[in-house]
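Notes to accompany the following structure.
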Amino acid sequence: MLELPSYHAMAAMAVTVAMFVEFVRGRLSIEIVSLLTIAVIAVGLYFFPLPDARPIDGLALAFGGFGHYALITICALMIMGRGLVVTGALEPAARILERLFKFNLQIGLLISLIIALVLSMFVNNTPVLVLMIPIFAALASKGALPTSKTLMPLNAASLLGGLATTIGTSTNILVVSIAVDLGMREIGVFDFTPIVLGAVLIALPYMWLVMPRLLDDNSVEAAAQARMFHTRLRVGNQSMLAGAQLSDVEDKLPGGITFHNPPSGAFQPQQRIHISGTHEALEDATRELRGELAPSWVLDRIKRTASAKGLDQMVVEMTVTADSRLITRTLPSSGIADLYGVAVLGIHRPDRLLGEREQYSDGGDLRIVEGDVLLVMGIEPDLQEFARADSLLMLEGGRELPRRSKALLSTAIMGFSVIMAAVGFLPIAISALVGAILMFVTGCVKFDRVGRALSGQVIVLVAASITIGRFIDESGAAAWLGESLSLGLVYLPPALVLAAIMAFVTVLTNFASNATAATVGTPIAFSIAATLGLPAEPLVLAVLFGCNLCYATPIAYQTNMLIMAEGKYEFADYIRTGVPLVVIMVATLSVLLVMSYGL
47 MLELPSYHAM
57 AAMAVTVAMF
67 VEFVRGRLSI
77 EIVSLLTIAV
87 IAVGLYFFPL
97 PDARPIDGLA
107 LAFGGFGHYA
117 LITICALMIM
127 GRGLVVTGAL
137 EPAARILERL
147 FKFNLQIGLL
157 ISLIIALVLS
167 MFVNNTPVLV
177 LMIPIFAALA
187 SKGALPTSKT
197 LMPLNAASLL
207 GGLATTIGTS
217 TNILVVSIAV
227 DLGMREIGVF
237 DFTPIVLGAV
247 LIALPYMWLV
257 MPRLLDDNSV
267 EAAAQARMFH
277 TRLRVGNQSM
287 LAGAQLSDVE
297 DKLPGGITFH
307 NPPSGAFQPQ
317 QRIHISGTHE
327 ALEDATRELR
337 GELAPSWVLD
347 RIKRTASAKG
357 LDQMVVEMTV
367 TADSRLITRT
377 LPSSGIADLY
387 GVAVLGIHRP
397 DRLLGEREQY
407 SDGGDLRIVE
417 GDVLLVMGIE
427 PDLQEFARAD
437 SLLMLEGGRE
447 LPRRSKALLS
457 TAIMGFSVIM
467 AAVGFLPIAI
477 SALVGAILMF
487 VTGCVKFDRV
497 GRALSGQVIV
507 LVAASITIGR
517 FIDESGAAAW
527 LGESLSLGLV
537 YLPPALVLAA
547 IMAFVTVLTN
557 FASNATAATV
567 GTPIAFSIAA
577 TLGLPAEPLV
587 LAVLFGCNLC
597 YATPIAYQTN
607 MLIMAEGKYE
617 FADYIRTGVP
627 LVVIMVATLS
637 VLLVMSYGL
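When the letters of the sequence shown are read in order and numbered with the working numbering, they come out as residues 47 to 645.
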């Protein structure tokens with residue numbers, strides 16, 4: 047006869063359900079619900095402590111998530127990911143994938159899913175996803191699929207890859223270790239890989255074709271159409287344009303660039319060509335065409351000054367006001383570089399001003415008029431002085447240029463951290479912390495920029511999920527649920543027994559933690575196997591699989607939280623896309639286990 051759960055166990059289940067309902071309803075922000083959950087547990091355990099515990103122990107349980115190694119690991123991984131972004135280390139990989147996505151969006155996504163899945167079979171899926179998040183954020187900014195439609199499928203693919211081998215996740219190792227302690231043979235690294243790959247063949251079409259369609263486009267729409275800047279591109283000696291005619295290389299040129307009055311013959315090195323495009327398109331043009339948008343001596347001086355003063359190079363937009371001395375001048379005659387040490391990369395002429403006379407000087411340079419927007423590069427103090435002295439209005443949206451001189455260094459740091467964790471030399475928490483510290487020490491990430499790398503929403507949610515997991519475990523709720531499950535499986539066929547165990551562990555994983563699910567589920571699987579006269583191994587594998595089916599909530603696994611801020615996901619997004627995937631995997635894996643073990 048199953049006894050009723052303790053009052054603490056009932057309270058743990060009630061608080062978990064209430065938190066889940068509030069997350070789904072979405073009337074309160076995730077941060078508020080998370081903080082309220084922590085507060086309720088803290089107050090409740092202070093006045094009604096767990097057995098053999100002091101009131102102060104309840105406070106330690108409730109607030110322990112803020113100092114938990116999992117939260118510190120996630121923050122460190124975010125910082126390392128930021129280091130890769132601000133140094134431009136991922137630009138080569140992003141450009142390769144960009145070409146693939148330009149060829150075909152669906153093929154690009156499919157190949158990306160396969161890459162994430164295969165890598166996660168041998169490398170912890172957390173650093174794999176950390177590497178891919180900024181790449182797909184960059185692709186989204188260049189017109190590929192929005193991050194809200196790519197990061198969720200990528201996360202699911204990485205989790206499936208981690209499911210396929212015993213070394214894929216630390217949870218797999220934990221389940222196998224507990225099973226060995228209980229008397230089962232040690233499962234080999236690839237013993238269950240064929241079963242998982244069979245399920246992947248069923249799940250992959252869903253992740254590739256269906257999941258992105260279930261997700262909204264959460265990208266922030268631009269407030270206005272991107273500004274088109276006119277400028278003069280100086281052709282480099284090694285440029286593809288040098289010695290070639292426009293018609294010969296037109297199909298190889300970066301998109302979004304317009305050539306105005308191109309020469310009738312071949313382009314010559316150091317020739318100044320009138321082009322126009324958005325800021326991003328102009329950057330692509332300088333990189334792919336190996337040219338410059340300003341005199342090289344100005345750009346070199348800005349780099350030296352930034353390096354000497356330890357400041358970042360920035361590009362900002364400035365509007366010319368009626369009092370500016372620049373009106374009617376051209377860039378060559380303005381003396382801006384000599385006076386302020388900044389470089390004007392281009393000029394945007396608003397539509398309302400396009401019909402004015404004398405737009406160009408005799409030399410073909412655009413004359414500046416009131417209302418023009420200048421694209422200006424320099425360090426912040428020089429930019430501020432330029433705007434103040436020449437009566438310019440600095441617009442919002444300035445951005446720092448990647449510190450490309452540290453790109454190789456940041457890549458080496460990330461590679462070191464990933465390899466140390468992948469080969470098991472260091473725990474992922476320690477390798478991530480070492481990597482984050484090295485990012486700071488080497489200047490890849492600056493201390494005053496840390497806030498841009500971290501998400502307050504994710505931090506509070508992680509802390510709350512850790513608290514809920516501990517409460518479910520220490521209150522006895524998880525053990526009571528497992529005992530209840532074992533009583534109802536006596537009359538079920540093997541496939542349904544496996545599905546029920548897997549589903550039960552999946553629920554624990556999505557609302558408590560992988561470790562809790564593993565430690566509670568593995569002994570229960572052994573007990574059920576002995577009671578029903580079934581071999582223990584397929585039931586243990588059902589537990590192992592269930593521990594990894596953590597797609598349905600953001601609190602289920604740390605990578606779910608890593609993608610939350612970048613993809614701007616809501617709690618309901620995880621349920622809408624994750625629950626069908628859980629159902630597919632539970633059904634498929636249960637059938638494949640029965641077939642593989644002849645049950």
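Each residue gets a CB set at the ideal place from its N, CA and C atoms; glycine is no exception.
Just so you know, these numbers come straight off a predicted model, no measurement behind them.
Item checked: 8 Å Cβ cutoff met for Thr376 and Arg413 -> yes
Next item on the list: Kindly provide the ranges of any alpha helix (DSSP H) runs that are 4 or more residues long and lie completely inside the stretch 508–540, ordered along the chain.
Entry: Taken in chain order, the complete alpha helix (DSSP H) segments of 4 or more residues contained in the stretch 508–540 are 523–533.
Next item on the list: Grab the span of the alpha helix (DSSP H) containing Glu363 for me, first residue to last.
Entry: It is not in any alpha helix (DSSP H) - Glu363 instead sits in the beta strand (DSSP E) that spans 359–366.
Note to self: With the cut-off set at 8 Å, would you say Val543 and Leu578 are in Cβ contact?
What the structure shows: yes
Margin query: Using only the alpha-carbon positions, how far apart do Leu638 and Gly244 sit?
Written below: If I take the Cα positions, the gap works out to 8 Å.
Next item on the list: Please state whether DSSP places Phe305 in a helix, a strand or coil.
Entry: strand
Next item on the list: Please name the residue, chosen from Val242, Thr304, Arg347, that lies closest to Gly387 on a Cα-to-Cα basis.
Entry: Arg347
Next item on the list: With DSSP collapsed to three states, give me the class of Ser204.
Entry: helix
Margin query: In chain order, what are the residue ranges of uninterrupted beta strand (DSSP E) at least 3 long that sit wholly in the stretch 316–358?
Written below: 318–323
Next item on the list: In the DSSP assignment, find the unbroken alpha helix (DSSP H) run with Ile373 in it and report its ends.
Entry: Run containing Ile373: none; DSSP gives neither H nor E here.
Check: Helix, strand or coil for Ile161 per DSSP?
Finding: Secondary structure of Ile161 (DSSP, three-state): helix.
Checklist line | Sub-8 Å separation of Val281 and Gln317 beta-carbons | finding: yes
Checklist line | Glu338 versus Gly392, Gly381, His306, residue with shortest Cα-Cα distance | finding: Gly392
Item checked: Simplified DSSP state of Phe94, which is helix, strand or coil -> coil
Check: Where does Gly624 fall in DSSP's three states?
Finding: It is helical.
Check: Near Ala598, what residues of its chain come up, given a Cβ to Cβ distance below 7 Å and the 5 sequence neighbours on each side ignored?
Finding: Asn556, Tyr620, Ile621, Gly624, Val625, Val628
Item checked: Beta-carbon contacts of Tyr615 that lie in its chain and below 6 Å, excluding the five residues immediately before and after -> none
Check: Are at least three pairs of beta-carbons, each pair with one atom in the stretch 52–60 and one in the stretch 519–526, less than 8 Å apart?
Finding: Yes, they touch.
Note to self: If I measure Cβ to Cβ from Ala563 and keep anything under 6 Å in the same chain, skipping five residues before and after, which residues do I get?
What the structure shows: Val551, Leu554, Thr555, Cys593
Next item on the list: Tell me, please, whether the CB atom of Glu363 is closer than 8 Å to any CB atom in chain B?
Entry: In the displayed structure, chain B is absent; only one protein chain is listed.
Next item on the list: Could you tell me the boundaries of the beta strand (DSSP E) in which Phe275 lies?
Entry: 275–281
Next item on the list: Between the Cα of Leu117 and those of Ser532, Leu472, Ser511, spot the shortest distance and give me the residue it belongs to.
Entry: Ser511
Next item on the list: Over the uninterrupted alpha helix (DSSP H) stretch that includes Ile393, give me the two end residues.
Entry: For Ile393, there is no enclosing alpha helix (DSSP H); the enclosing beta strand (DSSP E) has its first and last residue at 389–394.
Check: Hey, is the stretch 351–364 in contact with the stretch 415–422, meaning 3+ C-beta pairs nearer than 8 Å?
Finding: Output reads yes: the stretch 415–422 touches the stretch 351–364.
Notebook entry, point to check: Does the separation of the CB atoms of Ala29 and Phe109 fall below 8 Å?
Noted result: No statement about residue 29 is possible, as the shown extent of the chain runs from 47 to 645 and does not include it.
Item checked: Alpha-carbon spacing of Asp237 relative to Glu583, whole angstroms -> 11 Å
Checklist line | Local Cβ density within 10 Å of Arg128, reported as buried at 16 or more and exposed below that | finding: buried
Next item on the list: Taking the CB atoms as reference points, tell me whether Leu590 and Val246 lie closer together than 8 Å.
Entry: no
Item checked: Cβ distance (whole Å) where Tyr195 is taken to contact Pro258 below 8 Å -> Residue 195 is actually Lys in this sequence, not Tyr. Confirmed, Cβ separation roughly 4 Å.
Check: Along the chain, where does the beta strand (DSSP E) that runs through Met440 open and close?
Finding: 438–440
Check: Short check: CB of Thr488 to CB of Leu438, under 8 Å?
Finding: Not a contact, by the Cβ cut-off of 8 Å.
Margin query: Given this structure, state the Cα-to-Cα distance separating Ile382 from Asp436, to the nearest angstrom.
Written below: 9 Å
Checklist line | Euclidean distance between Cα positions of Ala545 and Met631 | finding: 10 Å
Next item on the list: Give me the Cα-Cα distance between Val506 and Val86, rounded to the nearest whole angstrom.
Entry: 15 Å
Next item on the list: Would you decide whether Asn283 is buried or exposed? Buried here means 16 or more other CB atoms lie within 10 Å of its CB.
Entry: exposed
Check: For Trp526, is the classification buried or exposed, using 16 other Cβ atoms within 10 angstroms of its Cβ as the cut-off for buried?
Finding: It is buried - the Cβ of Trp526 has at least 16 other Cβ atoms within 10 Å.
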